[in-house]
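The numbers in the sequence shown follow my numbering, run straight up by one, and end at 210.
Below is one structure, written out as structure tokens, with a few remarks after it.
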Amino acid sequence: MVGDALLLTPRDALVIVDVQNDFLDHGNLAVPNGDEVIPVLNRAIALFAHRSLPIYATRDWHPVDHCSFKTQGGIWPPHCIAQSKGAEFAATLNLPPAAIVVSKATTQGKDAYSGFEGTRLASQLHSQNVERLFIGGLATDYCVLNTVKDALANGFKVALLIDAIRPVNLKAGDGEAAIDEMTGLGAEPVRLSDVEA
Ligand code: VGL
Ligand code: ZN
14 MVGDALLLTP RDALVIVDVQ NDFLDHGNLA VPNGDEVIPV LNRAIALFAH RSLPIYATRD
74 WHPVDHCSFK TQGGIWPPHC IAQSKGAEFA ATLNLPPAAI VVSKATTQGK DAYSGFEGTR
134 LASQLHSQNV ERLFIGGLAT DYCVLNTVKD ALANGFKVAL LIDAIRPVNL KAGDGEAAID
194 EMTGLGAEPV RLSDVEA
């Protein structure tokens with residue numbers, strides 16, 4: 014999709030995944046170069062807001078003793094504890110007041126990498142007549158991957174904002190493998206500069 018302009022339609026929505034302090038520089042589960050997604054997503058927010066298109070923001074919103082934490086036998090450092098500073102959206106992310114916040118992974122004993130898992134996201138999108146999602150955020154190989162897979166499984170088209178995602182890369186190559194998996198399933202990789210201004 015490089016070169017051609019990609020036109021936004023009234024049935025598009027923006028989904029920003031987990032751009033929260035704990036996934037950013039100095040956060041408890043900092044994603045390498047995660048801060049770089051913010052200026053790109055701010056431009057995306059401006060494009061969608063200008064057209065009054067829906068903007069969703071998912072957030073990881075864990076209880077203090079969440080099962081994904083190392084202290085509980087999980088694989089992650091404690092992160093994104095509900096109501097904590099680390100769980101707040103990046104202060105520099107220009108989320109408009111109309112943005113719809115989707116909290117996920119709120120149950121102690123269950124992790125949820127997808128913004129669709131255990132939330133009303135699919136029904137909210139359907140009730141707004143959305144058919145295509147522009148998805149960016151953190152992290153490519155976890156919550157972006159699983160949100161994109163569930164979006165496709167729920168029948169949405171997906172434009173993956175490849176310049177607005179960054180991987181954890183617990184294992185080298187995880188991010189690239191995730192992008193291959195998402196595009197293999199039908200997500201269209203797009204750069205924000207391909208989206209018409
Ligand atoms: C995420 C690891 C643990 C993510 C959430 O948002 O990608 N990654 N919890
Ligand atoms: Zn988490």
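From the three backbone atoms N, C-alpha and C, an ideal C-beta is built for every residue, glycine too.
Small disclaimer: the values here were computed from a predicted structure and weren't measured.
- Residue 69 has 28, 113 as its beta-bridge partners, per DSSP.
- Here residue 209 is near residue 18, since their CB atoms are less than 8 angstroms apart.
- Judged by DSSP secondary structure, residue 52 falls within the alpha helix (DSSP H) whose first and last residues are 50 to 63.
- Relative to ligand 2, the nearest heavy atom lies less than 7 angstroms away from the CB of residue 118.
- In the three-state scheme derived from DSSP, where H, G and I count as helix and E and B as strand, residue 200 is classed as coil.
- For residue 123, there is no enclosing alpha helix (DSSP H), since its DSSP letter is neither H nor E.
- At a Cβ-Cβ threshold of 8 angstroms, residue 92 and residue 42 count as neighbours.
- For residue 108, there is no enclosing alpha helix (DSSP H), as DSSP marks it with neither H nor E.
- Between residue 32 and residue 69, the gap from beta carbon to beta carbon reaches 8 angstroms or more.
- Taking the Cα of residue 170 as reference, the smallest distance to any Cα among 176, 162, 177 is reached at 162.
- Apart from the 5 residues on each side of it in sequence, residue 35 sits with its Cβ closer than 7 angstroms to the Cβ of 41, 42, 92, 93, 99, 100 in its chain, given in chain order.
- Contact check for residue 148 and residue 174: beta-carbon distance about 6 angstroms, within the 8 angstroms limit, so the pair qualifies.
- Note that the C-beta distance between residue 37 and residue 103 is below 8 angstroms.
- Apart from sequence neighbours up to five positions away, the residues of its chain that approach residue 127 with a beta-carbon distance below 6 angstroms are 159, 160, 163, ordered along the chain.
- In this structure, residue 103 has its CB at a distance of at least 7 angstroms from all heavy atoms of ligand 1.
- Rounded to whole angstroms, the Cβ separation of residue 57 and residue 27 is 6 angstroms, and the two are in contact under 8 angstroms.
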